[in-house]
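Here the structure comes first, spelled out in structure tokens, and everything after it is commentary.
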Amino acid sequence: MESLARQSAKLCPFVKNYLSSNAVKSLQGTNSLASQAIGCPVMGPALAEKKRTYVTCSKPAKAQLASAEVEDHDQFIVDHSSTNEVSYDYDGLFENELHKKRADKSYRFFNNINRLAAEFPKAHRAMEDDKVTVWCSNDYLAMSKNQRVIDSMTKTLKKYGAGAGGTRNIAGHNKHAMDLEAELAALHKKEGALVFSSCFVANDAVLSLLGQKMKDLVIFSDELNHASMIVGIKHSNARKEIWKHNDLADLEARLAKYPKSTPKLIAFESVYSMSGSVADIPKICDLADKYGCLTFLDEVHAVGLYGPHGAGVAEHFDFEAHRIAGIRSPDFKTTMDRVDMITGTLGKSFGTVGGYVAASSRLIDWVRSYAPGFIFTTSLPPAVMAGAAEAIRYQRSYLKDRQLQQEHTQYVKDSLASIGVPVMPNPSHIVPIIIGDAAKAKQASDLLMDKHRIYVQAINFPTVARGEERLRITPTPGHFNDLSDILIDAIEDVYQTLKLPRTKDIEAMGGLCNVGVPGYVPEPRLWTEEQLQLTQEDLNQNVFDPVIEQLEVSSGIKYE
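If you count the sequence shown from 1, position 226 lands on 226 in the UniProt record's numbering, and the numbers rise without skipping.
As structure tokens, this is what we get:
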């Protein structure tokens, strides 16, 4: 009360001039305060008005009308029956926001696409005889139709049913969860792994927990990081530094602003899915060592596709060492070893659904014990986990799928370049065709679908920046050259019909997204010609059907 009196004296001339702090204190709990307030030029007229009545905050069933003079209540709410106020216009807000999306041409239409396992990469639309060729799926290796995966899921589904029965805290977990986490830990050569319902949830859960539990943490985030990482950083409440995409000089300048003793985390991706750009993981790890940082790497668009066993770009940087060692770890600290946390998905190259984080046993146990996104989310169904584990085992020992995908990707990129279609240069499997206009990108997508029976989704804001709208093509092992030739002819027709800007036009405008930029030198693709010539016989025999023991951390580590 004394503090309130002092603040009131500073802010209110009436209190300052007419009442001392002791006088105000003496009025507490009496009716005298109201009588004194009559003399206030602000409160006086308000108290003199007797038309408005109030109700006290209480349980709805027992709400009683009361006068403004009711004592011992700090809060009053208005009796809305005596006002002319109307409810908030909720629908108006929704309509205005949707109108904005339509006005800037970023409103999204979802196509009815039903992918056919037996006719991959075909799908049918609403009617089963209305078939199209899918060119933009993230089922990068067509593992969703892999017979070993389907057989494993079918067998598990029949034996254990459709669902997990709840969270692992309530329903317990099962051997499928333990087997999958063991496979993931072995894939990334980490001590432990934890499975989530999606990698969006995994990224959000881990990043938010780190910030909430680690006092004064600063998170350094690449400006093109996925929305799941952005949301996780926001939920962490940690200080953040956004560094220019793949600009290590900018990253270092930001790191150097903080003492080495300040906890720091560098969060980045290996392959950025909308541009196809690739992070220089070893150099980022060098900076992490220099400035005392943890590293958080999202390999969502790389697992299954890179490295001799499909562990991602971090494995690919030490390709030969991992190829020779097989499922064992090489006898030196690899790039994959240097990354503290690796997150990935089961829903793209592994053909099922779910996400995960792989890290040290202690870190995994900590996340398992504290992350709400894990604790309070229903587990993946046993059949899904069994299928995902089978996909990982299959790709660990099978090179041909990812080699074919790389070859088909390069064929499409070379063919598009030959007709002057602007493709963002990158060393990965992503083929982003720059349009630069939201409405035209949508028109191009519609024309490919309606005239050529080809499905390529238009990508617009907020997935990419305004003015950088694009079509995103993702070849798979099933997109052989005959299908690619049909695609190229269709794109040529779309460019002629809509008069879309070619590479030379973008170059004349000064360049966009590294297309037509003077002096820009494209990076070589990650897969070398020598790596593309390897066969199954070149892999270590220990990767073929290895016995992988379940992890204690999946259940909880027991202490003596």
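We put the CB at the ideal spot given by N, CA and C, even for glycine.
Just to confirm, is the Cβ distance from residue i to residue j under 8 Å?
i, j, result
"Lys440", "Leu500", "yes"
"Phe220", "Ile266", "yes"
"Gly420", "Arg472", "no"
"Tyr140", "His316", "no"
"Ser106", "Asn460", "yes"
"Asp179", "Gln550", "yes"
"Ala358", "Lys175", "no"
"Asp280", "Leu305", "no"
"Leu447", "Leu498", "yes"
"Ala312", "Ala302", "The sequence given here has Gly at residue 312, not Ala. Yes, these two residues count as a Cβ contact at 8 Å."
Report the rounded CA-to-CA distance for residue i versus residue j, giving the unit in angstroms.
i, j, result
"Gly373", "Tyr356", "12 Å"
"Met424", "Asn514", "6 Å"
"Glu269", "Gly292", "19 Å"
"Phe480", "Leu209", "44 Å"
"Val456", "Phe110", "12 Å"
"Ile433", "Asp489", "15 Å"
"Gly511", "Ala177", "49 Å"
"Met341", "Ser87", "48 Å"
"Ser236", "Asp493", "48 Å"
"Ser228", "Asp204", "6 Å"
"Met274", "Lys558", "44 Å"
"Asn225", "Lys264", "17 Å"
"Gln531", "Glu390", "24 Å"
"Ile113", "Pro462", "22 Å"
"Ile486", "Lys260", "56 Å"
"Ala438", "Glu97", "17 Å"
"Thr474", "Cys136", "5 Å"
"Leu255", "Gly344", "26 Å"
"Asp91", "Lys100", "14 Å"
"Thr167", "Met509", "55 Å"
"Arg362", "Arg470", "42 Å"
"Ser277", "Glu223", "13 Å"
"Asp89", "Ala185", "51 Å"
"Met214", "Glu95", "41 Å"
"Ile506", "Gln443", "19 Å"
"Gly354", "Asn84", "51 Å"
"Gly310", "Lys283", "21 Å"
"Thr53", "Val367", "In this prediction, Thr53 scores a pLDDT of 44, lower than 50, which makes its location untrustworthy; the coordinate-derived value is nonetheless stated afterwards. Their backbone Cα atoms lie some 52 Å apart in a straight line."
"Ile150", "Leu116", "14 Å"
Helix, strand or coil: which one does DSSP assign to residue i?
i, result
"Met214", "coil"
"Arg525", "coil"
"Glu552", "helix"
"Phe319", "helix"
"Leu116", "coil"
"Ser221", "strand"
"Ala256", "coil"
"Arg466", "coil"
"Thr343", "strand"
"Ser67", "Bear in mind that the predicted position of Ser67 carries a pLDDT of just 45, short of 50, making it unreliable; the figure below should be weighed with that in mind. Residue state, collapsed to three classes: coil."
"Gly387", "helix"
"Glu299", "coil"
"Val355", "Note on identity: in this sequence residue 355 is Gly, with Val being the wrong assignment. Correct three-state label for Gly355: strand."
"Arg239", "strand"
"Lys264", "strand"
"Ile434", "strand"
"Val412", "helix"
"Ala444", "helix"
"Tyr559", "coil"
"Val278", "strand"
"Leu399", "coil"
"Thr157", "Checking the displayed sequence, the identity of residue 157 turns out to be Leu instead of Thr. Leu157: helix per DSSP, three-state reduction."
"Leu305", "coil"
"Val423", "strand"
"Val547", "coil"
"Leu294", "strand"
Taking 7 Å as the cut-off, does the CB of residue i come closer than this to any heavy atom belonging to the ligand MG?
i, result
"Arg502", "Because no ligand of any kind appears in the structure shown, any question about the ligand MG cannot be addressed here."
Does the segment 226 to 243 come close enough to the segment 391 to 410 that 3 or more CB-CB pairs lie under 8 Å? Fewer than three Cβ pairs drawn from the segment 391 to 410 and the segment 226 to 243 lie within less than 8 Å of each other, which leaves the two stretches out of contact.
Specify whether the segment 533 to 549 and the segment 390 to 398 touch according to this definition: at least 3 beta carbon pairs, one from each stretch, less than 8 Å apart. The segment 533 to 549, when compared against the segment 390 to 398, does touch it at the 8 Å Cβ threshold.
Which full runs of the beta strand (DSSP E) of 3+ residues lie inside the segment 159 to 212, going along the chain? DSSP runs (the beta strand (DSSP E)) wholly in the segment 159 to 212: 192 to 196.
At least 3 beta-carbon pairs within less than 8 Å: the segment 187 to 205 vs the segment 374 to 388: At 8 Å Cβ cutoff, the stretches touch.
Quick one: any contact between the segment 282 to 298 and the segment 518 to 537, if contact means 3 or more CB pairs under 8 Å? No: the two stretches stay apart, fewer than three of their Cβ pairs being nearer than 8 Å.
Report yes or no: do three or more beta-carbon pairs, one from the segment 329 to 342 and one from the segment 111 to 130, lie closer than 8 Å? With the cut-off at 8 Å, the segment 329 to 342 and the segment 111 to 130 do not touch.
Ranges of the alpha helix (DSSP H) found wholly within the segment 79 to 149, counting only runs of at least 4: If we require 4 residues or more, the alpha helix (DSSP H) runs fully inside the segment 79 to 149 come out as 90 to 103.
Does the segment 382 to 389 touch the segment 141 to 159, meaning 3 or more C-beta pairs lie closer than 8 Å? Counting Cβ pairs under 8 Å, three or more are found: they touch.
Quick check: the segment 167 to 178 against the segment 340 to 358, are there 3 or more CB pairs under 8 Å? No: fewer than three Cβ pairs fall under 8 Å.
Do the segment 111 to 123 and the segment 144 to 152 touch if we need at least three Cβ pairs shorter than 8 Å? Flag = yes, the segment 111 to 123 and the segment 144 to 152 touch.
Which complete beta strand (DSSP E) runs does the segment 448 to 527 hold, if anything under 3 residues is left out? Within the segment 448 to 527, the complete beta strand (DSSP E) runs of at least 3 residues fall at 470 to 473.
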